[in-house]
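Residue numbers (my numbering): 932 to 1104. Note that the Cβ used here is the ideal one computed from N, Cα and C, for glycine as well.
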């Protein structure tokens, strides 16, 4: 018996691990070797790629895509329409015109540290760490590491201040 709720349209790989108390809403897809901690909420149309690691008490809003190489520590908020990416040099084909396979690229990593929040519509590029309790403003393009407790926004995202654990701005730059 499952100790989590999964909407009937949810597609969960038999090789995924879903923590107790999770709520998985309409059309969520969770791929092989993905791991969700306890009490996570995944909104409509969330895609969790193979091997993605999600800690406890995370909330991922509608229409998010979390790709292979993404790790969320505990207490992460991901706003609607956020995408993580994992390839800095994406190509469909090799130089000879043959279709690329999984062996033809190196997965870039994205790491969200405890309590970080990502605003709606943001895009996170590979090989980036989002710091503890950092706050990424809506619509941001994150191209480099975000310090702990930093307020960042823009395209590319830049540090504009510091926030506390509640998300209140405590200093502006």
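Residue 1060 is bridged by DSSP to 1042.
Each residue's CA atom was taken as its position, placing residue 986 and residue 1030 some 35 angstroms apart. Here residue 1085 carries a strand assignment [DSSP, helix/strand/coil]. Residue 1041 is positioned such that its CB atom lies no closer than 7 angstroms to that of residue 1063.
Residue environment: residue 991 is assigned as buried (16 or more neighbouring CB atoms within 10 Å of its CB, all protein chains considered). With contacts defined as CB atoms closer than 7 angstroms, residue 1017 and residue 982 fail to qualify as a contacting pair. Just so you know, the alpha carbons of residue 1069 and residue 946 end up roughly 33 angstroms apart.
For the beta strand (DSSP E) assignment, the region 1006-1034 encloses no uninterrupted run of at least 3 residues. Annotation for residue 1045: 1004, 1005, 1006 and 1063 place their beta carbon closer than 6 angstroms to its own, counting only its chain and skipping 5 residues before and after. For residue 1077, no beta strand (DSSP E) run applies, since DSSP gives it neither H nor E. Among the bridge pairs identified by DSSP, residue 1092 is matched with 1082 and 1103.
If you check the CB distance, residue 969 and residue 956 do not come in under 7 angstroms.
By the 16-neighbour rule on beta-carbons within 10 angstroms, residue 1020 is exposed. Here residue 965 has 947, 979 and 983 as same chain residues with Cβ atoms under 6 angstroms from its own Cβ, once five neighbours each way along the sequence are excluded. Spanning the alpha carbons of residue 1072 and residue 1053 requires a straight line of approximately 6 angstroms.
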